[in-house]
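Below you'll find the structure, written out as structure tokens, and then a few comments.
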Amino acid sequence: MTDVSGGAPLLGEPLSIELANTSYAVRGHLREGLENPQQLARWLHDVRLLPVVDATAVDATAVDATVVDATVVDATDLAATRALRDAIRRLAAATVDARPLPADAVDLVNRHAAAPARWRELRADPEPGTVARSAGGAVATALSEIAADAVDLLGGPRRHDLRACQGPGCVLFFVRSGRREWCSHGCGNRARAARHYARNRAT
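Following our numbering, the numbering of the sequence shown begins with 1 at its first residue and continues without gaps.
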């Protein structure tokens, strides 16, 4: 596990797995990475889905010459995000274990994937530029993008590379590249140390 940002680790995984990994463990104890709307706003900012850092309405923020409307992240958004996160975790676990995908989790992901889309419009005044728009709220749009990523990952060929970290006490998922067994170097080092300790105890 590495780069804990906004209360949850960021590992450079696909968006849906990054959300799944907001439920993580420290020294074998489960932690909630999205405890409140502020942490959710920070996490969405960190994964580049929301260009505001705080969970209250703030002035619009310019990012790469794109003006994005200010937003509010509230308790309803938090509950919806956690529900999607838990559904993705269940789907990921079923995929890793080669079990049938739970139908209710599939339905929830598909509902979010069909929700508001995001697009950019040309702006003429005060000077040419672009404006980000969506058919719904910023958080609903972000969840739609995350769900669409889950659809592509869990329904496509990359699902065969999805893994649960084998590090001691770790509950994170990752998409394997090469012979990778762990979500991060830290988990790999802990796993190797545990194996070394077990071998020494056996002799």
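Note that CB positions come from ideal geometry on N, CA and C, so glycine has one too.
A quick note: this is a predicted structure, and the numbers were derived from the prediction, not measured.
Whole-Å CB distance - residue i paired with residue j, under 8 angstroms assumed
i          : j           : result
residue 96 : residue 164 : 5 angstroms
residue 32 : residue 175 : With 8 angstroms as the limit, residue 32 and residue 175 do not qualify as a contact, their Cβ atoms being about 23 angstroms apart.
residue 10 : residue 46  : 6 angstroms
residue 25 : residue 169 : 5 angstroms
residue 30 : residue 81  : 17 angstroms between Cβ atoms; not a contact.
Candidates the options, of which the one nearest residue i by Cα
i           : options           : result
residue 162 : 9, 168 and 16     : 16
residue 36  : 14, 26, 19 and 79 : 79
residue 121 : 115, 132 and 49   : 132
residue 167 : 177, 181 and 160  : 181
residue 155 : 100, 34 and 72    : 100
CB contact flag (residue i, residue j, <9 angstroms)
i           : j           : result
residue 183 : residue 173 : yes
residue 76  : residue 43  : no
residue 151 : residue 113 : yes
residue 138 : residue 50  : yes
9 angstroms Cβ cutoff, residue i in contact with chain C
i          : result
residue 86 : Absent here is chain C; the protein component of the structure consists of one chain.
Span separating the alpha-carbon of residue i from that of residue j
i           : j           : result
residue 145 : residue 117 : 8 angstroms
residue 140 : residue 90  : 21 angstroms
residue 27  : residue 157 : 33 angstroms
residue 115 : residue 143 : 8 angstroms
residue 68  : residue 74  : Residue placement at residue 68 is poorly supported in this model, since its pLDDT is 32, which falls under 50; the coordinates still yield a value, given next. Cα to Cα, residue 68 sits roughly 18 angstroms from residue 74.
residue 38  : residue 128 : 33 angstroms
residue 171 : residue 123 : 45 angstroms
residue 8   : residue 130 : 31 angstroms
residue 119 : residue 160 : 31 angstroms
residue 18  : residue 48  : 12 angstroms
residue 102 : residue 153 : 16 angstroms
residue 125 : residue 72  : 26 angstroms
residue 177 : residue 98  : 19 angstroms
residue 136 : residue 104 : 24 angstroms
residue 179 : residue 134 : 40 angstroms
residue 66  : residue 34  : Its pLDDT being 33, under 50, residue 66 is placed unreliably in this model, and the value from its coordinates should be taken loosely. Using only the alpha carbons, I get a separation of about 27 angstroms.
Three or more C-beta pairs below 8 angstroms linking the segment 102 to 120 and the segment 75 to 86: yes
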